[in-house]
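In this text, residue positions in the sequence shown follow the numbering used here: the first is 464, and each later residue adds one.
Each residue gets a CB set at the ideal place from its N, CA and C atoms; glycine is no exception.
Written below as structure tokens is the structure these notes are about.
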Amino acid sequence: MRALWDRTAANGLEREWLNAQELREREPNITGLGGIFCSVERDRQLP
């Protein structure tokens, strides 16, 4: 997930780390330890 975080930074995307509770609050159907939230609503090809 750190590599994805770095790639999103390199592409200028605004993002935020989510802990498990924040992840459940945003999407109750996902189970995980955390995640990365990007508020951009468009397709983007990452290198």
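Which same chain residues, not among the five before or five after residue i, have their C-beta less than 6 Å away from its C-beta?
i       : result
Asn-482 : Gly-497
Residue i and residue j look like a contact to me (Cβ under 8 Å); what is the Cβ gap, rounded to whole Å?
i       : j       : result
Arg-465 : Thr-471 : Going by Cβ atoms, the distance from Arg-465 to Thr-471 rounds to 11 Å, so no, they are not a contact pair.
Near residue i, what residues of its chain come up, given a Cβ to Cβ distance below 8 Å and the 5 sequence neighbours on each side ignored?
i       : result
Ser-502 : Glu-477, Arg-478
Pro-491 : none
Is the beta carbon of residue i sitting closer than 8 Å to the one on residue j?
i       : j       : result
Ile-493 : Trp-480 : no
Roughly how many whole angstroms lie between the Cα atoms of residue i and residue j?
i       : j       : result
Arg-487 : Leu-467 : 20 Å
Gly-495 : Arg-489 : 12 Å
Gln-484 : Asp-469 : 23 Å
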